[in-house]
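Right, one structure below, let's go through it.
In the numbering used here, the protein residues as written are 7 to 204.
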């Protein structure tokens, strides 16, 4: 009953076609001063982020947290991160692996050499003075093989028949076989033992 403005409504106002023409510009928004007075104003810029064409980047020197209120790193994610195309460029070289120091810090490192084995071209050999065990954790010979049965421990697929004791093939200590004999290369040449059935 005592209006103080040109139009003062106590209740809901419904209008078809709302137009404020005073001031304002394209993309301005209607804001309030907290006391019921409205005006057109530009959206204030976000000082934390900068948008450049299709890129968005942080313009501050702090950290960014996703799911965490106190990020401790430049990007601190509390949860699972899924990426298509993963790239770490600082440091590292071809063949390096990503390792972790036990505290969650990763870095590129060269794979340390295995002091137990040496690879030379197509050969691999043990560089230590101990024994090699296959199927056993306590080998008692240079090569100690334990199979699940007595017939599947060591297999030599290719047969060989020396031409005679003086055959130059092989080295001392080599073992060969054919359908009739077992052959052993000794210091005196190839020796053989006949095979028989029962």
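Virtual Cβ for every residue (Gly too), placed ideally from N, Cα, C. Here the structure is a predicted model, which is why all the values come from computation and not from measurement.
Taking residue 186 as the centre and dropping the five residues before and after it, the same chain places the C-beta of 200, 201 closer than 7 Å to its C-beta, in chain order.
When rounded, the separation of the alpha-carbon atoms in residue 101 and residue 160 is 35 Å.
By the criterion of a C-beta distance shorter than 6 Å, residue 195 is surrounded in its chain by 171, 172, once the five residues flanking it on both sides are discounted. Each residue's CA atom was taken as its position, placing residue 45 and residue 33 some 13 Å apart. In the three-state reduction of the DSSP assignment, residue 7 falls in the coil class, being assigned neither a helical nor a strand state. Note: residue 89 is not bridge-paired with any residue in the DSSP secondary-structure output.
The alpha-carbon of residue 190 is positioned some 6 Å away from that of residue 198.
Between residue 137 and residue 150, the beta carbon gap of about 6 Å places them in contact (Cβ cut-off 8 Å).
Looking at the backbone, the Cα of residue 53 and that of residue 36 are separated by about 21 Å. Residue pairing of residue 129 in beta bridges, as defined by DSSP: 126. In the structure shown, residue 13 adopts coil according to DSSP, grouped into three states.
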